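What follows is a short report on a single structure.
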Amino acid sequence: MSTPAQPTPAPGKKINRIGLEPTAYRGSKTTLCAGCGHNAITERIIDAFYELGVDPTQVLKLSGIGCSSKSPAYFLSQSHGFNSVHGRMPSVATGAVVANRKMIAIGVSGDGDTGAIGIGQFVHLMRRNLPMVYIIEDNGCYGLTKGQFSPTADLGSKLKTGVINDLPPIDTCLLAIELGASFVARSFSGDPKQLKAILKAALSHRGTAMIDVLSPCVTFNDHDGSTKSYSYAKDHEEPLADVSFVPFFEEISVDYDPGTTTTVTLHDGSKLVLSKMTEDYNPTDKLRALRLLHETSMRNEFATGILYVEPDKPDFIDLLGLVDEPLAHLDESRTRPGKAALDEIMESFR
Amino acid sequence: MSVTDAAVHEAATREPAARIVNDFAIQVATVNGSGSQTANLVLLRSIFQMGVPVSGKNMFPSNIAGLPTWYTIRASARGYIGRKKEVDFLVALNPETAREDVLTLAPGAAVVYDEPLKLRDLRGDLVFYPVPFDKIIGTITHDAKLRRLVRNMIYDGVLSRLLAIDMGQMEKALRKQLGRKQKALEMNMAALKAGYDYAQATFTKQDPFVIEPMNKTTGMILIEGNAAAAIGCMMAGVTFVAWYPITPSSSLPEALIDYLKKYRRDPDTGKTTYAVVQAEDELAALGMVIGAGWTGARAMTSTAGPGVSLMAEFAGLGYYAEVPAVIFDIQRAGPSTGLPTRTGQQDILSTAVLSHGDTNHPLLLPASVAECYTMAMEAFDLAEQLQQPIFVMSDLDLGMNTWMAEPFEYPTRPFNRGKRLDKAALARIGQFGRYKDVDGDGIPYRTVPGDGLPPYFARGSGHNEQALYSERADDYMRNLDRLSRKFQTAKTIMPRPEVELVEEGGIGIIAYGTSHWAVVEARDQMKGEYGVTTSYLRLRAYPFSKELDDFIDRCDRVYVVEQNRDAQMMSLLRIDLTPARVIKLRSIRHYAGLPIDGRSVTTDLLTQEGKEGLETPGSGLGTVGAD
Chain A
126 MSTPAQPTPA
136 PGKKINRIGL
146 EPTAYRGSKT
156 TLCAGCGHNA
166 ITERIIDAFY
176 ELGVDPTQVL
186 KLSGIGCSSK
196 SPAYFLSQSH
206 GFNSVHGRMP
216 SVATGAVVAN
226 RKMIAIGVSG
236 DGDTGAIGIG
246 QFVHLMRRNL
256 PMVYIIEDNG
266 CYGLTKGQFS
276 PTADLGSKLK
286 TGVINDLPPI
296 DTCLLAIELG
306 ASFVARSFSG
316 DPKQLKAILK
326 AALSHRGTAM
336 IDVLSPCVTF
346 NDHDGSTKSY
356 SYAKDHEEPL
366 ADVSFVPFFE
376 EISVDYDPGT
386 TTTVTLHDGS
396 KLVLSKMTED
406 YNPTDKLRAL
416 RLLHETSMRN
426 EFATGILYVE
436 PDKPDFIDLL
446 GLVDEPLAHL
456 DESRTRPGKA
466 ALDEIMESFR
Chain B
928 MSVTDAAVHE
938 AATREPAARI
948 VNDFAIQVAT
958 VNGSGSQTAN
968 LVLLRSIFQM
978 GVPVSGKNMF
988 PSNIAGLPTW
998 YTIRASARGY
1008 IGRKKEVDFL
1018 VALNPETARE
1028 DVLTLAPGAA
1038 VVYDEPLKLR
1048 DLRGDLVFYP
1058 VPFDKIIGTI
1068 THDAKLRRLV
1078 RNMIYDGVLS
1088 RLLAIDMGQM
1098 EKALRKQLGR
1108 KQKALEMNMA
1118 ALKAGYDYAQ
1128 ATFTKQDPFV
1138 IEPMNKTTGM
1148 ILIEGNAAAA
1158 IGCMMAGVTF
1168 VAWYPITPSS
1178 SLPEALIDYL
1188 KKYRRDPDTG
1198 KTTYAVVQAE
1208 DELAALGMVI
1218 GAGWTGARAM
1228 TSTAGPGVSL
1238 MAEFAGLGYY
1248 AEVPAVIFDI
1258 QRAGPSTGLP
1268 TRTGQQDILS
1278 TAVLSHGDTN
1288 HPLLLPASVA
1298 ECYTMAMEAF
1308 DLAEQLQQPI
1318 FVMSDLDLGM
1328 NTWMAEPFEY
1338 PTRPFNRGKR
1348 LDKAALARIG
1358 QFGRYKDVDG
1368 DGIPYRTVPG
1378 DGLPPYFARG
1388 SGHNEQALYS
1398 ERADDYMRNL
1408 DRLSRKFQTA
1418 KTIMPRPEVE
1428 LVEEGGIGII
1438 AYGTSHWAVV
1448 EARDQMKGEY
1458 GVTTSYLRLR
1468 AYPFSKELDD
1478 FIDRCDRVYV
1488 VEQNRDAQMM
1498 SLLRIDLTPA
1508 RVIKLRSIRH
1518 YAGLPIDGRS
1528 VTTDLLTQEG
1538 KEGLETPGSG
1548 LGTVGAD
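Quick note, the sequences are listed as chains A and B, same order.
Sequential numbering from 126 applies to the first sequence in the working numbering.
Sequential numbering from 928 applies to the second sequence in the working numbering.
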């Protein structure tokens, strides 16, 4: 992300540092249910891109299939988007990001799209540490097919029809940390302040930034039997720390008391400031993060916040050793070897 | 257990043989993992270097070590490089298969065998040359590992003497094969010479087979189809490769990786102008290719039937979202896992309509290593021109066997990037609609991320001309009809068939891919031996172009020759052709897992024509028993 010159704002108009108004970050009108947690996430995505001043023409939006995966149409209408096939967004994103390393990629998936049909591709995406933001809009059910359990549904949770889920859930954050994702966070769609800060930090991170966002399904999974209902999530969310994000282009605020904060410097120089709440939490300690997730899960609570960050881990693009220009934009002069090369190869077969 | 699909021969009195020069097949039967490949390639190459047209076919098990493997080298003065079913000269080194290998030989054939196998008593109508391999190798080295590795060079030496293959050419071929590995070279040379000396001292030539120098391979190369395709992909400017290992495809991406490493690094920075990703499965491999193609990269993958099955979902997405992609299918024998190391043309029908819904895909049908090279380049152009996945339907026989060819020519045409929107085009067409048929050929304009032109939202769900989500019946049908129109356009830009029309109203033959080589030979056999002339059309692409209709109209009846059980190409023809043309079609099929041979085509066709006194056809029913 580059830092363009600060434009002079027109009087009375709200613009960001690259001179765009908030509407430039909006997409088409949502078709999801009124009150759907996913819409709140869409709003935070719009806020985060706007506030960071990301050029929307330099963004790739990707998704799989499901309610969650519809949402890229609802933000950043000036970006190229690809609503691909169920559970396979990671592979499409891998090809796209490798082919054009200059773009900022954001993928939106769901708990079924990631945890069930797409778990294989999810695993390998995390393992590759592909530079992208990967959001799971996690409501513990299949909304678009009317409420069946997904693999993140909690043990013992109940469908409207009375069916009890008797399989343990997959914790996508635990999995992502184990597999090599270099930025792992969990948040709640009903916590705009925290979610926005996490999204901004994720966009500034270089590597896979995996964010599991609990997002109650108001139609199929927002009842008393559900641990992914608004009321349950509100009551059982355990924020690790108060997440503040300071972009690289802003001075670090002096408001934080050094004795009770942890600062992590991200790839582009942005700062992640976690102020102490219940305990000192160091998000660069992998074992500590895994332990915390297990402990809170045993108490039927959700630890929210930035769980794990490894800011300097080489990402997949680094490992490939590519030229600086996007592969997709290389022309014939760069990609078709000359006649001497063919002659040499032919000689080897004589 | 035998790899042959020839019948077991009864012992019969052998006619005294005349000399048979440069027209016979040598088969070497060994155990895989025993290092016979070097010896076989040296044998092949030395005949090639003597100017004699030659081809090599490896019939190997789906296994790393310990199972039977056969390598057939065919010398053909007339230049036939298809498979010859009958083995004339056997090198029997595998105790497991030796007995059946010998029993299936035609009378008059010759056998070099490992002495302890005691094969001589099996038949009275063959020529036997027993060679004590272990005794001979004992004089060269006592190192058990080295003995195993160079032991096979002994038969090269024996054959050099018996078949009059020039020892100087053997040495030259060995140097070519081993490169600068001096120690290995010395050991192999010693084994080669020991074999020659043994044969010279021991055997009197009793068989008729000899190699004599010719000048028919001057300037030519020996190459496998997968390497040829890899060179084509590099020359086509591929920038993104995703693949998953599978036989018989893996050697294509592996060769490509080697070439890219050598020729596609920025000379100043050492950075690469390509990326290769080994995916977690074929599904992800095509997903990555679709992602890369969407952003404007020239992207490809290579696989075989089981991989194509997994790719069905993304093939449909590529078709409907209209994303360029190149997919090589190195076909092998199915169904299911089938025979991974045997050949076939068994994915034609399923690939043409791969994925659910109304979907169809253009196929390229390479018959030669030269076409593996040229069609690789054409595939990338076509993928961008047609904005959809293009399948290149090679097979194991073409991809993994060694073929001679003229050296490949450097491409003269620049890349065709298709309808990529630019500012001039935008000004001309007015408003950009990603799926709008501006020119009437069904092909819309496209933009890619980062090109500064209007973006669009690609999706596999229903969409209108503006790429917006739509469930409207008129939007949906307009789009499907446009895709259909695009498929019609494909007919006009895909490679045209090769047609040889001999006479009006006679017998026609249609074939494609590696079946071509059997047809070339069969046509000569039918004409030379039976006075039956045939016209021939070799398909090079699907969808079919109008030359096909004209060809069928000019023939009374048309035999479609292919290597699958279910007449897959004929099924596609039946879908496309008018009833008056369909009734002219007849089918010749070969599905033994082994490459089709000319004699089987001749026999089958003439039997269907009602010619008496021919061997019963049914080459597809032969026994295959590698594992």
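Glycine residues also receive a C-beta, built at the ideal position from the N, C-alpha and C atoms.
Model, not experiment: these values are computed from the prediction.
| query | Is it a yes or a no for the region 1306–1324 of chain B touching the region 1348–1360 of chain B, going by three-plus beta-carbon pairs under 8 Å? | reply | no
| request: Can you tell me which of the three DSSP states residue 420 of chain A falls into? | output: helix
| task | Examine the Cβ distances between the region 403–420 of chain A and the region 335–354 of chain A and report whether three or more of them are shorter than 8 Å. | result | no
| query | According to the neighbour-count rule (16 or more other Cβ atoms, all chains shown, within 10 Å of its Cβ), is residue 1311 of chain B buried or exposed? | reply | buried
| request: Check whether the region 1252–1261 of chain B touches the region 1393–1406 of chain B, counting contact only when three or more Cβ pairs, one atom from each stretch, lie closer than 8 Å. | output: no
| task | Buried or exposed for residue 1005 of chain B, please, with buried defined as at least 16 other CB atoms from any protein chain shown within 10 angstroms of its CB. | result | exposed
| message | Within 8 Å, do at least three Cβ pairs link the region 1272–1279 of chain B to the region 1227–1236 of chain B? | response | yes
| message | Let's see if you can read the secondary structure: which residues bound the alpha helix (DSSP H) around residue 375 of chain A? | response | Note, residue 375 of chain A: premise wrong, no alpha helix (DSSP H); not H, not E.
| Every unbroken beta strand (DSSP E) inside the region 1359–1404 of chain B [3 residues or more] | 1384–1386
| For residue 196 of chain A and residue 968 of chain B, the rounded distance between their alpha carbons | 58 Å
| task | Return the CA-CA distance between residue 288 of chain A and residue 274 of chain A, expressed in angstroms with no decimal places. | result | 9 Å
| residue 1233 of chain B touches chain A at which residues, Cβ-Cβ below 7 Å? | Simply none; closest approach about 16 Å.
| field | 6 Å CB neighbourhood of residue 162 of chain A in its chain, flanking five on each side removed | value | 314, 340 and 341
| Same chain, Cβ closer than 7 Å to residue 462 of chain A, five either side skipped, listed in chain order | none
| request: Going by DSSP, name the residue or residues bridged to residue 1068 of chain B. | output: In DSSP, residue 1068 of chain B forms no bridge with anything.
| field | Per-residue burial, residue 1220 of chain B [other beta carbons within 10 Å of its own, 16 or more giving buried] | value | buried
| query | Hey, how far is the Cα of residue 977 of chain B from the Cα of residue 1096 of chain B? | reply | 7 Å
| task | Excluding the 5 residues preceding and the 5 following residue 361 of chain A in the sequence, name in chain order all residues of the same chain whose CB lies nearer than 8 Å to its CB. | result | 352, 425, 426 and 427
| said: Using 8 Å as the cut-off, can you tell me whether the region 1131–1149 of chain B makes contact with the region 1192–1202 of chain B, which would need three or more C-beta pairs spanning the two stretches below that distance? | reply: no
| said: Taking CB distances under 8 Å as the criterion, tell me whether residue 1382 of chain B reaches chain A. | reply: yes
| query | Okay, do the region 1148–1167 of chain B and the region 1110–1127 of chain B touch, 3+ Cβ pairs below 8 Å being the bar? | reply | no
| request: Compute the Euclidean distance between the alpha carbons of residue 363 of chain A and residue 429 of chain A, then round it to the nearest angstrom. | output: 6 Å
| message | Closest to residue 387 of chain A by C-alpha separation, out of A:184, A:431, A:277 and A:418, would be which residue? | response | A:431
| task | Specify the secondary structure class of residue 1106 of chain B as computed by DSSP and reduced to three states. | result | coil
| query | What are the residues of the region 226–250 of chain A that lie near chain B, defined by any Cβ-Cβ distance shorter than 8 Å? | reply | 227, 228, 245, 246, 248 and 249
| query | Under the three-state reduction of DSSP, which class applies to residue 986 of chain B: helix, strand or coil? | reply | strand
| field | Beta-carbon proximity of residue 252 of chain A to residue 305 of chain A, cut-off 8 Å | value | yes
| task | For residue 137 of chain A, I'd like the list of residues in its chain whose CB is within less than 6 Å of its CB, leaving aside the five on either flank, ordered along the chain. | result | none
| query | What is the DSSP secondary structure of residue 478 of chain A, counted as helix, strand or coil? | reply | No information on residue 478 of chain A is available, as it lies outside the stretch 126 to 475 that chain A covers here.
| query | Quick one: which chain A residues come within Cβ less than 7 Å of residue 872 of chain B? | reply | Residue 872 of chain B is absent from the model: chain B starts at 928 and stops at 1554.
| Can you find at least 3 beta carbon pairs, one from the region 140–155 of chain A and one from the region 175–186 of chain A, that sit closer than 8 Å? | yes
| In chain B, which residues lie with their C-beta within 9 Å of the C-beta of residue 464 of chain A? | 1337
| Chain-order list of residues whose beta-carbon lies under 7 Å from that of residue 379 of chain A (same chain, five-residue window excluded) | With a pLDDT of 44 at residue 379 of chain A, under the threshold of 50, the modelled position of that residue is not reliable, and the figure given next carries that caveat. Taken in chain order, the list of residues that qualify is empty.
| said: Counting only beta-carbon separations shorter than 8 Å, does residue 946 of chain B have a partner in chain A? | reply: no
| said: Less than 8 Å between the beta carbons of residue 262 of chain A and residue 166 of chain A, yes or no? | reply: yes
| said: Distance check for residue 324 of chain A and residue 173 of chain A, CA to CA, integer angstroms please. | reply: 6 Å
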